[in-house]
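Since the structure comes first, as structure tokens, the remarks are kept for the end.
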Amino acid sequence: MWIDKLSDGVLRVLTPLGPRYLKPAFKQRLYLLWMFRHFETLPLQVLRPWQRRLVETLCAEQNFVAVSHEEGWDVPILGTVERRPPVEVEAPPRRPSGRVSEAAPSLAADVRQRP
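According to my numbering, the sequence shown is numbered sequentially starting from 1.
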């Protein structure tokens, strides 16, 4: 299993358009095996800067591999990187509480009256 991944493994990158498979060089495969030693899938945000650079370099080189599961070709996957845009959650607008603004002047007045 490890030998198969080391010799023929690919990196799966999940994008908004679907999964892409990249064929790294031998040293890169060795490092990716170590990187994914505990997890099968990692989001891009949790990777260290040099790990992100490695993934970005692999994507920029465009060494994509066509993987077809219908033909029965079972390619060993080193790991999966989730490269999806961050989800922006829209928070409802906050309204200032009338109680807080009313209490603030009276608190300030109490502080001024103390000797």
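All C-beta atoms, glycine included, are put in the ideal place defined by N, C-alpha and C.
Other residues of its chain near residue i: CB distance less than 6 Å, five sequence neighbours each side excluded
| i | result |
| --- | --- |
| R37 | none |
| P43 | E82 |
| D4 | P76 |
Exposure label - residue i; buried when at least 16 CB within 10 Å
| i | result |
| --- | --- |
| Q28 | buried |
| V46 | exposed |
| P24 | buried |
Span of the beta strand (DSSP E), counted from its first residue to its last, around residue i
| i | result |
| --- | --- |
| E82 | I77 to E82 |
| L42 | T41 to P43 |
| L32 | From DSSP, L32 is part of no beta strand (DSSP E) but of the alpha helix (DSSP H) over F26 to M35. |
Close beta carbons around residue i, own chain, < 7 Å, minus the five adjacent residues each side
| i | result |
| --- | --- |
| I77 | G9, V10 and R12 |
| Q51 | M35 |
Cut-off 8 Å between Cβ atoms - residues of its own chain near residue i, not counting five sequence neighbours on either side
| i | result |
| --- | --- |
| V65 | V10, Y21, L22, K23 and V75 |
| N63 | L22, K23 and P24 |
| F26 | L6 |
| W2 | L33 |
Heavy atom of the ligand HEM within 7 Å of residue i beta-carbon
| i | result |
| --- | --- |
| F26 | Absence of the ligand HEM is noted for the structure shown, with no ligands found whatsoever. |
Nearest to residue i (by Cα), restricted to the options the options
| i | options | result |
| --- | --- | --- |
| R48 | A60, C59, M35 and P19 | M35 |
| T80 | E90, Y31 and F39 | F39 |
| Y31 | V55, G18 and P43 | V55 |
| P19 | V67, R94 and E61 | V67 |
Whether residue i touches residue j by CB criterion (8 Å)
| i | j | result |
| --- | --- | --- |
| L33 | L6 | yes |
| T41 | E82 | yes |
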